[in-house]
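Here the structure comes first, spelled out in structure tokens, and everything after it is commentary.
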Amino acid sequence: MNLKKKFVIGAASLALVAGMGVAPAMAAPQPGDEIKFPDGGTFTRVFGDERIDTAIAVADRLNKDTEQSLKVAYLVSAGQDHMVDAATSGMLKDGLVFLVPQDKAGQLLLGATMKNKFSNVKKLVAIGGTSAVSDEAVANVKKMNANVTTTGRLEGKNRYETNVAVAKAAYKNYNGVSRVYLTRGDNLVDALAAGSVADGPVLLVNHEGDLDPATVAYYQDLPKLNRGVVLGGQAALSDEQVNKLLKDVKVLDPWSYLKSTAERKAAVQAAAANYFGQDAWQRQHNSIPSKKDFEPKNLDSYDFFGQGANNQVVGTSKNPSDVNTNAVVTDPTKVFVGYKEPMNLLNKNMLVVTNKHTDLQSKLDIALRNAVAEKVKAAKFTSAPNGNGADKDLWDAVKDMYGLDPQAMQVAMKNGKVSDSGAFEFDSDTQEITGLNHALFADVQAKLSDGGDWEKTKLYKVGGRDKFTLADAVYAVIDADNDVTIGDAVTNKVAGVNWDALFNVMKDEQASMDKKTKEAKQALLDAVTAYYNGEGMKLLTGSSKGWSRLDGKNRYETSALLAVYELMDGKYVNGSKVTPANGRVYLASGDDAHLIDSVVAGQLTDGPILLVPASGEIDKSVIQHLAYLKYKHTNLGTYLIGGKVAVSDEVRNAAVKALKHAKDYAGADTYGKEPAAPAKPYAITPALGAPTANPAHSGNSVEIGKITNYADVKALLEDEKGSAIEANDLKVTITSATSGTDVSGKVSDAVVDITNGEIKAKIATDATAGGKFKFQVTVKGYGNRADTKSAHEHEVTIA
């Protein structure tokens, strides 16, 4: 598979035997220490004895993914003085990126290694001027690799011009640019963390004084954008400097996570109504699961601030703009059907239609093969054939599949030659059948489809009752193939069920609806995540001209902020490679002494890059987002780049702990929250008054007790919940009596009347007179409050 992945590889400065024809073997990559988690996912340290060996280990591991399909190798200096070119190279997506040793022996060895391990490389391109990667270094690499035929260079007079040259190569003709990332030109750590972004160039900007003309000119030539991100806070790159570049940029709306609670709730409602459909959503309760109870995989089973409507309305609107979260909609033509249920219906219909189509296609293939073998001639099809021959079988098979009228199928002859081949094709000389007239079938389908001449013809009758056009039949309820019969025929053209047209249109609609359904479901999940995180999600702060700024308090938090931003609003270069069930994340050193490992990690573009220290505590923003990714993607693959000097075992163990106990780190938070503290009971416990004396056992609902401090309980619950109290927020538990005759088994439907706090239940008529049972009330926990029970159980004696 061609993932167009980039790799970084270095060569140790080893002595070469003069005149040797082959290269000595390079240091074997370390296998890494892999940990497999019981619930899925892995943690692997990718490393070598030295940083160059670490780069080789990374290249070895990822080379398997490329199938050696890339033809260009970008050469970047391995010297610390030219780290800026290495950071800039992170934008390149169409080739391998190699770190070039500074000594001749290492350069020759690199060339020989490329010949042996990267035989697909045909072109070398140096990044930076000759002081970074000399012409001699390029020549030495090429000298040992006969596969290389051409060389080139991306350079400028300074780091800013080189940065622009690389940006132009990475985004040719500005293709794929939807935003721009700005970072300080003399502090590269933020640029390294941005190695995984794939929707726009990362531009280096002077941190003070005039901006480099090359940067300004490149930005002015970009398509007019209104989306961009400044990496780092004011100390890294001030608004003053940013303004010199942006000038007249359109002001953006605030980042969604900074919206008010009411706005975030409204966003959840709109997304839920869009996904479930107006009717299904408005019949949901006006509630949402607590964050600790919410599981993304159970999204379909939750309520999302619905309106508690009682009556079902069978909607007919296919226009999502009809969604209305401010009122209960009763007009079926204004009730949007949503995506979830139509998708379910479409999948069921597709199974029935596919089975029918497969059966008919098999019969048609056999009939055609037999007709060709028997050399059936055109004259046999001037009218419907009789008898039991191959011509009759083929005629019937075509009619069964396409539902064509005999006049549309039959062949017309003139002066002994075929003037109209009908549904068939023939050899022009022998007039023997060679195949079927698929152009006719496609024309019939086109005319039955939306925009066609027969689009309003209700060709299909389903269930012996309703008639449907081709487009509408896709969403009819088809339980079995014999449910579908001919509705309104098209005179002289279509006289039966056209299964092929129904199958083709349904297949296309299924693919389209599947994409829309997944997008709608993800939009709901994103809205819910934003609602839960609330104001604690300090992701982006406003920047000049309305741009967003990833303003981390340090390089580690900035890397976490960028990872969240990519997850929510951006994309990874090779993100399509990783399924939602098997995501990836990379940890690399953020220490100045080990930034070369972050350069290596910058080439791993199928997941975010989170920076960690060489030793000490991992920044809580990093550990939180790492835990969230594991919580969201159980089979997450986590890769730590670098050996124990670059990233200590102490840091490694902290990361592994967060992955093992992901949900304990506030679970569904994407960033920034402290590990979740144990929930505590409400400050006020529901107080139960004396039980009702001798309630009747009539089978009707009767009062059995009351919450005496109900007003206070209700106020506390609603404050934590953020919405009105509902019946399921208060649970009445019936238990056995400890004395006398127990009748707890005869008590049902115990509830709290949320209007006044009265506790009611139904006691069966055959309950023993004078029998007893106990009850207790539990208030449902929300926010940081746990479920809270009344202090005691109360015993009731019935009449």
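With mature numbering (1 follows the signal peptide of the UniProt record, and there is no 0) as the guide, the letters of the sequence shown map in order to residues -27 to -1, 1 to 772.
Ideal Cβ positions, reconstructed from N, Cα and C, are used throughout, including at glycine.
Computed from a prediction, not measured in an experiment: that's the story for all the values here.
* Check whether the Cβ atoms of Ala143 and Met64 lie closer than 7 Å to each other. => yes
* **For Thr607 and Val325, the rounded distance between their alpha carbons** => 34 Å
* To do: Can you tell me which of Tyr559, Thr714, Pro659 puts its alpha carbon nearest to the alpha carbon of Val750?
  => Per the Cα distances, Pro659.
* **For Tyr375 and Glu348, the rounded distance between their alpha carbons** => With the sequence shown as reference, residue 348 is identified as Lys, and Glu is not the correct amino acid for it. C-alpha separation (whole angstroms): 23 Å.
* **Thr135 versus Ala78: straight-line alpha-carbon distance, rounded** => Cα-Cα distance, rounded: 27 Å.
* To do: Check the DSSP bridge columns for residue 776 and list the partner residues they point to.
  => In the structure as shown, the chain begins at -27 and stops at 772. Residue 776 is therefore absent and cannot be evaluated.
* Asked: Can we say the region 266 to 280 touches the region 316 to 334, given the rule of at least three CB pairs closer than 8 Å?
  -> no
* Pairwise C-alpha distance: Arg557 and Val215 -> Each residue's Cα considered, the two are about 33 Å apart.
* To do: Determine the extent of the beta strand (DSSP E) in which Lys526 is found, giving its start and end residues.
  => Taken as a continuous stretch (DSSP letters only), Lys526 belongs to no beta strand (DSSP E), as it is neither H nor E.
* **Host alpha helix (DSSP H) of Ser335 (start-end)** => 313 to 346
* According to DSSP, what are the bridge partners of Val749? -> For the sequence presented, residue 749 should be read as Gln rather than Val. DSSP, once it has assigned bridges, lists Thr706 as partnering Gln749.
* Asked: Terminal residues of the continuous beta strand (DSSP E) containing Asp722?
  -> 720 to 725
* For Thr15, I'd like the list of residues in its chain whose CB is within less than 6 Å of its CB, leaving aside the five on either flank, ordered along the chain. => Glu7, Lys9, Gly610
* Asked: Rounded to a whole number of angstroms, what is the C-alpha to C-alpha distance between Pro186 and Tyr192?
  -> 10 Å
* Given a cut-off of 7 Å, decide if Thr714 and Gly744 are closer than it, judged by their beta-carbon atoms. => Between Gly744 and Thr714, the gap from beta carbon to beta carbon is short of 7 Å.
* Asked: Quick one: any contact between the region 290 to 297 and the region 531 to 541, if contact means 3 or more CB pairs under 8 Å?
  -> no
* Asked: What do you reckon, are the CB atoms on Ala627 and Ile591 nearer than 7 Å?
  -> yes
* **Where the alpha helix (DSSP H) through Met382 begins and ends** => 379 to 382
* Asked: Since His411 sits in a beta bridge, which residues does DSSP pair it with?
  -> According to DSSP, His411 bridges with nothing at all.
* Asked: If Ala635 sits next to Tyr604, beta carbons under 8 Å apart, how far is it from one beta carbon to the other, in whole angstroms?
  -> 4 Å
* To do: Return the first residue and the last residue of the alpha helix (DSSP H) that Arg625 is part of.
  => 622 to 633
* To do: List the endpoints of the continuous alpha helix (DSSP H) containing Lys270.
  => From DSSP, Lys270 is part of no alpha helix (DSSP H); its letter is neither H nor E.
* **For Gly149 and Val178, believed in contact at Cβ under 8 Å, the rounded distance** => Contact between Val178 and Gly149 does not hold, since their C-beta atoms are separated by about 21 Å, which reaches or exceeds 8 Å.
* **Every unbroken beta strand (DSSP E) inside the region 645 to 698 [3 residues or more]** => 674 to 679
* **Limits of the unbroken alpha helix (DSSP H) element including Lys390** => No alpha helix (DSSP H) contains Lys390, which is instead part of the beta strand (DSSP E) from 390 to 393.
* Would you check if the distance between the CB atom of Leu43 and the CB atom of Gly84 is smaller than 7 Å? => Not a contact, by the Cβ cut-off of 7 Å.
* Asked: In this structure, what does DSSP give as the bridge partners for Lys350?
  -> Beta-bridge partners of Lys350 (DSSP): Glu405.
* To do: Please determine, among Ile727, Ala46, Glu109, Tyr559, the residue with the shortest C-alpha to C-alpha distance to Phe91.
  => If you compare the alpha carbons of Ile727, Ala46, Glu109, Tyr559 with that of Phe91, the shortest gap goes to Ala46.
* Where Gln3 and Thr17 are concerned, what is the direct C-alpha to C-alpha distance, given to the nearest angstrom? -> At Gln3, the pLDDT of 44 sits below 50, so the modelled position is not reliable and the matter cannot be decided from this model.
* DSSP state of Gly125 mapped onto helix, strand, coil -> strand
* Please work out which residues of its chain come closer than 8 Å, Cβ to Cβ, to Glu691, disregarding the five sequence neighbours upstream and downstream, and give them in chain order. => Ala697, Ile698
* Whole alpha helix (DSSP H) runs in the region 46 to 110 with 4 or more residues, listed along the chain? -> Fully contained in the region 46 to 110 are the following alpha helix (DSSP H) runs of length 4 or more, in chain order: 56 to 61, 77 to 90.
* Any contact of the region 359 to 376 with the region 329 to 344, i.e. 3+ C-beta pairs under 8 Å? -> yes
* Asked: Cα separation between Leu443 and Ser356?
  -> 28 Å
* Neighbour-count burial assignment, Leu513, 16 or more Cβ in a 10 Å radius -> In this predicted model, Leu513 has a pLDDT of only 44, less than 50, meaning its place in the structure is not dependable; the value taken from the coordinates is given anyway. Looking at its Cβ environment, which holds 16 or more other Cβ atoms inside 10 Å, Leu513 is buried.
* To do: Whole angstroms is fine: what's the gap from Glu213's alpha carbon to Ala493's?
  => 40 Å
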